[in-house]
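Novice:
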Amino acid sequence: MKILVANRGEIAVRIIRACREMEIPSVAVYSDCDRDARHVREANQAVHIGPSPASESYLRIERIIDAARRTGADAVHPGYGFLAENARFAAACRDAGLTFIGPSPESMSLMGSKTAAREAAIRAGVPVVPGIDSPFAGDAPDDEMARAAADLGYPLLVKAVAGGGGKGMRTVEKPSDLPGAIQTARSEAGAAFGDSAVYLERRILQPRHIEIQLLGDHHGTVVPFVERECSIQRRHQKVVEESPSLAVRPELRRRIAAAAAAVARSVGYYNAGTIEFLLDEDGSFYFLEMNTRLQVEHPVTEMVTSLDLVQWQIRIARGERLQIDPDRALTPYGHAIECRIYAEDPDLGFMPSPGLIRGLRPASGPGIRDDSGVGVGYTVPVFYDSMIAKLVAWGSSRDEAIARMRRALAEYQVLGIRTTIPFFLWLMHQPEYIAGAYDTTYLDRLLASRRESFNELDASEEDAAAIGAALDAYLRASTAAAGQNGGATSLLWKRNARAEALRG
Amino acid sequence: MTFEIEIGGRSRTITVEKAGAGVFGVTVDGRRCELDAARVGIYGLSLLDRESGASREVQVTPSSVPGELLITLDGRAVACTVNGRRSRRPGPDGSGSAHGEQAVIAPMPGRVVRILVAAGDEVAVRQGIVVVEAMKMENELRSPKAGRVKEITVVPGTSVEAGRVLVVIE
Chain B
1 MKILVANRGE IAVRIIRACR EMEIPSVAVY SDCDRDARHV REANQAVHIG
51 PSPASESYLR IERIIDAARR TGADAVHPGY GFLAENARFA AACRDAGLTF
101 IGPSPESMSL MGSKTAAREA AIRAGVPVVP GIDSPFAGDA PDDEMARAAA
151 DLGYPLLVKA VAGGGGKGMR TVEKPSDLPG AIQTARSEAG AAFGDSAVYL
201 ERRILQPRHI EIQLLGDHHG TVVPFVEREC SIQRRHQKVV EESPSLAVRP
251 ELRRRIAAAA AAVARSVGYY NAGTIEFLLD EDGSFYFLEM NTRLQVEHPV
301 TEMVTSLDLV QWQIRIARGE RLQIDPDRAL TPYGHAIECR IYAEDPDLGF
351 MPSPGLIRGL RPASGPGIRD DSGVGVGYTV PVFYDSMIAK LVAWGSSRDE
401 AIARMRRALA EYQVLGIRTT IPFFLWLMHQ PEYIAGAYDT TYLDRLLASR
451 RESFNELDAS EEDAAAIGAA LDAYLRASTA AAGQNGGATS LLWKRNARAE
501 ALRG
Chain R
1001 MTFEIEIGGR SRTITVEKAG AGVFGVTVDG RRCELDAARV GIYGLSLLDR
1051 ESGASREVQV TPSSVPGELL ITLDGRAVAC TVNGRRSRRP GPDGSGSAHG
1101 EQAVIAPMPG RVVRILVAAG DEVAVRQGIV VVEAMKMENE LRSPKAGRVK
1151 EITVVPGTSV EAGRVLVVIE
């Protein structure tokens, strides 16, 4: 087996690491700006696939298949993002005789459609968020819509069928707001997606985002894992994940895991996948969607189960049978937390902060895992997602994991660009986070009312920073002066010393 | 040697004198201490207070904004200028301070997607002025003040570096 990794950044490095551990040769692909990237240097072979914009490189199916042919790779791992959930890519790999390390193109396109996935969940007997069965006709009279809304109950959500990213979505608190909300949702959805169909869904107040990791082999075995809690989100993007969830007791865990496995089995799913649920305050849970790939946050599951999900993906693709004790997969050992480190400036509204990494000291030590895609001297490009690393802390308890995460964040140095490390350091001290008392709306509410910098220093720290700047300027000035006076001599001395060393 | 160091809007006068091998007398706004300072790598400094033994590590690096230094300390980083080198680091809305002629400045490298105003337009404070795309995200930069658009120095499609003036408001 030889695996082509059709991705970049930390996930490409993660997959190459698994290949090395399994003694499988790996092939990286790269765009113009990634020539000196870490995944290129760590793979056994690397192939240039085009200019920096992803649409001309990492998203070009034919170039990736061609790179596999030229290097004799017989399998492709798509990572996450880019082509990972593109059924055409999975099918193109199959047609080219390459093993795609992921699900079949058929289950990928089935579960990739929100409505088809919802129907599959209903057929498998798994609850979905209550909503109307079919979208409203464009000319549906107001009183018909009002009746449907009253049956469902307020508050509710008006959602575009073709929606995504919050577009074409409106919250309605009371009946009098319904017609206006439907109208704006329709025009927004029409403009954004060319499809103005909308439907109604009950709004779950203060839900938690809980997801179940699954592995399925080609022989009909599906194993669900202990849940991941991903409710810490900024504008619908996960920023912190942990496992297990404080809101899930063993009995609930067994029920959610069984529901997830039932959905996967009902569509003949194999390889790694994740089913996302909303968990209501009263303990009821609802199917949200399925991700037909490896998730960004897979390390937290690995940390609490000591299983290597990427290695299992490869073994499954090779046709091996899953040999995982289901109890072990469902029983967390300790607690793990992941912070996604982005090249963004939290003090500028999380504005991207690409640029040259001048220095890097990743955190290490007890219970710490750093999945990074960057190194010193690398310029974080403007072309891709701004995540540069994932910092994972494991502890025998959640408190210990938080303490280790704080320690590791203070240790982690990324010099030259701004990152979200100071934001996480702040978050890890918030009382609600420490108590685990949060839902998917928590972080946006907290950030909306916050004006202070995440990089606040106390008086003595600010003095130390200022003294550091002054001493740095002083030392650079003295070195420059020494260079002017004794520069020639010192250069000669260095050369002689080097010659001596070589002779010795 | 005396330096004016500005961090977070507060300026300090700091005098540094050599007091021995690797030891420096440092006076901050009249308070003097003796520090043992060791270079660590290209940007790092390990500072030990000679009296208390208190240990600090600081990293002093150029940032992507010209004329600005970043001081990194215990997981946080603050912008700093030495001897009044004009930092053009924008405020939280991509703005500078609110008086006189003000520029809307690119806070990061990227590409200008849209310009939301025309020269001569009256604009309100925090009104969207220009949209810059970087890392798959569109970022709307807002006006630092109420005023009139004096000059637009870019066109849609322009690639810009951090610190580049995009629009001038008077």
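Residue numbers (the working numbering), protein chains in the order written: chain B, 1 to 504; chain R, 1001 to 1170. Just so you know, even glycine gets a beta-carbon here, dropped at the ideal spot from N, CA and C.
Do Gly1157 of chain R and Arg1111 of chain R have their beta-carbon atoms positioned less than 8 Å apart in this structure?
Specialist: Closer than 8 Å, so yes.
Novice: Which value, in whole angstroms, describes the spacing of the CA atoms of Pro422 of chain B and Gly373 of chain B?
Specialist: Their Cα atoms are separated by approximately 20 Å.
Novice: List in chain order: all unbroken alpha helix (DSSP H) runs of 4+ residues lying wholly within the region 261–335 of chain B.
Specialist: Whole alpha helix (DSSP H) segments, 4+ residues: 298–305, 309–317, 326–330.
Novice: So, are the CB atoms of Pro299 of chain B and Lys238 of chain B less than 8 Å apart?
Specialist: It is not a contact, given that the beta carbons lie outside the stated cut-off.
Novice: Work out the CA separation of Pro179 of chain B and Glu144 of chain B for me, nearest whole Å.
Specialist: If you take the alpha carbons of Glu144 of chain B and Pro179 of chain B, they lie about 11 Å apart.
Novice: Which residues bound the beta strand (DSSP E) around Arg1076 of chain R?
Specialist: Its beta strand (DSSP E) spans residues 1076–1082.
Novice: Might you give, ordered along the chain, the residues of its own chain that have their beta carbon closer than 7 Å to the beta carbon of Ala1098 of chain R, omitting 5 neighbours on each side?
Specialist: Low confidence applies to Ala1098 of chain R: its pLDDT is 41, below 50, so where it sits in the model is not reliable, and the reading given next is rough at best. Hits under 7 Å: Pro1144, Lys1145.
Novice: Looking at the structure shown, is Glu173 of chain B part of a helix, part of a strand, or coil, going by DSSP?
Specialist: Here Glu173 of chain B sits in coil by DSSP.
Novice: Please name the residues in the region 1107–1120 of chain R whose beta-carbon is closer than 7 Å to at least one beta-carbon of chain B, in chain order.
Specialist: Listed by position along the chain: Pro1107, Met1108, Pro1109, Gly1110.
Novice: With H, G and I counted as helix, E and B as strand and the rest as coil, what does DSSP make of Phe100 of chain B?
Specialist: Correct three-state label for Phe100 of chain B: strand.
Novice: What does the Cβ neighbour count give for Arg1089 of chain R, buried or exposed, with the cut at 16 atoms within 10 Å?
Specialist: Low confidence applies here, because Arg1089 of chain R scores a pLDDT of 45, under 50, leaving its location unreliable and the question unanswered by this model.
Novice: Kindly list the residues whose CB is nearer than 8 Å to the CB of Ala247 of chain B, restricted to its own chain and excluding five residues on each side of it in sequence; keep chain order.
Specialist: Answer for Ala247 of chain B: Arg208, Ile210, Glu229, Leu279, Gly436, listed in chain order.
Novice: Out of curiosity, what's the CA-to-CA distance linking Glu461 of chain B and Thr1072 of chain R?
Specialist: One C-alpha to the other measures close to 10 Å.
Novice: Using the C-alpha atoms, what's the distance from Glu289 of chain B back to Lys508 of chain B?
Specialist: Residue 508 of chain B falls outside the range modelled here, since chain B spans only 1 to 504, and no answer is possible.
Novice: Taking a Cβ distance cut-off of 8 Å, strictly less, list which residues of the region 457–476 of chain B are near chain R, in chain order.
Specialist: Against chain R - using a Cβ distance shorter than 8 Å - the residues of the region 457–476 of chain B are Leu457, Glu461, Glu462, Asp463, Ala464, Ala465, Ala466, Ile467, Gly468, Ala469, Ala470, Leu471, Asp472, Ala473, Tyr474, Leu475.
Novice: For Tyr412 of chain B, return the contacting residues in chain R, with the cut-off set at a CB-CB distance below 8 Å.
Specialist: What Tyr412 of chain B touches in chain R: Gly1075.
Novice: Starting from the beta carbon of Val1058 of chain R, find every residue of chain B whose beta carbon is closer than 7 Å, and list them in chain order.
Specialist: The answer, in chain order, is Ala464, Ala465, Gly468.
Novice: Under 8 Å, with one C-beta from each stretch per pair, do the region 1133–1142 of chain R and the region 378–389 of chain B reach the 3-pair mark?
Specialist: Yes, the region 1133–1142 of chain R touches the region 378–389 of chain B.
Novice: The alpha helix (DSSP H) with Lys114 of chain B in it runs from where to where?
Specialist: Looking at the DSSP string, the run of the alpha helix (DSSP H) that includes Lys114 of chain B is 114–123.
Novice: Is Thr1072 of chain R close to chain B, meaning its C-beta is less than 8 Å from at least one C-beta of that chain?
Specialist: Chain B contact via Cβ: present.
Novice: Are the C-beta of Thr1153 of chain R and some C-beta of chain B separated by less than 8 Å?
Specialist: It does not: the Cβ of Thr1153 of chain R has no partner Cβ on chain B nearer than 8 Å.
Novice: Kindly indicate which residue of B:Gly79, B:Tyr58, B:Glu119 has the alpha-carbon position closest to the one of Pro103 of chain B.
Specialist: The option with the nearest alpha carbon to Pro103 of chain B is B:Gly79.
Novice: For Arg254 of chain B, is the classification buried or exposed, using 16 other Cβ atoms within 10 angstroms of its Cβ as the cut-off for buried?
Specialist: That one is exposed.
Novice: So which residues on chain R does Met505 of chain B lean against when the C-beta distance must stay under 8 Å?
Specialist: Here chain B covers residues 1 to 504 and nothing more, so residue 505 of chain B does not appear.
Novice: The region 1029–1060 of chain R: which residues have C-beta closer than 8 Å to a C-beta of chain B, in chain order?
Specialist: Hits within the stretch, in order: Leu1035, Ala1037, Arg1039, Gly1041, Ile1042, Tyr1043, Gly1044, Leu1045, Leu1047, Arg1056, Val1058, Gln1059, Val1060.
Novice: Counting only the same chain and skipping the five closest in sequence on each side, list residues whose C-beta sits under 6 Å from that of Glu241 of chain B.
Specialist: Contacts found: Arg228, Cys230, Glu297, Val300, Glu338.
Novice: Of the residues B:Arg321, B:Ser306, B:Arg70, B:Pro130, which one's Cα is nearest the Cα of His218 of chain B?
Specialist: Minimum Cα distance to His218 of chain B is reached at B:Arg321.
Novice: Cutting at 6 Å between CB atoms, please list the residues of its own chain near Arg358 of chain B, excluding the five before and the five after it.
Specialist: Cβ within range, chain order: Leu415, Gly416.
Novice: Between Ser1097 of chain R and chain B, is any beta-carbon pair separated by less than 8 Å?
Specialist: Its pLDDT being 42, under 50, Ser1097 of chain R is placed unreliably by the model, and nothing is read from it.
Novice: Give the range of the beta strand (DSSP E) segment to which Cys230 of chain B is assigned.
Specialist: Residues 228–234.
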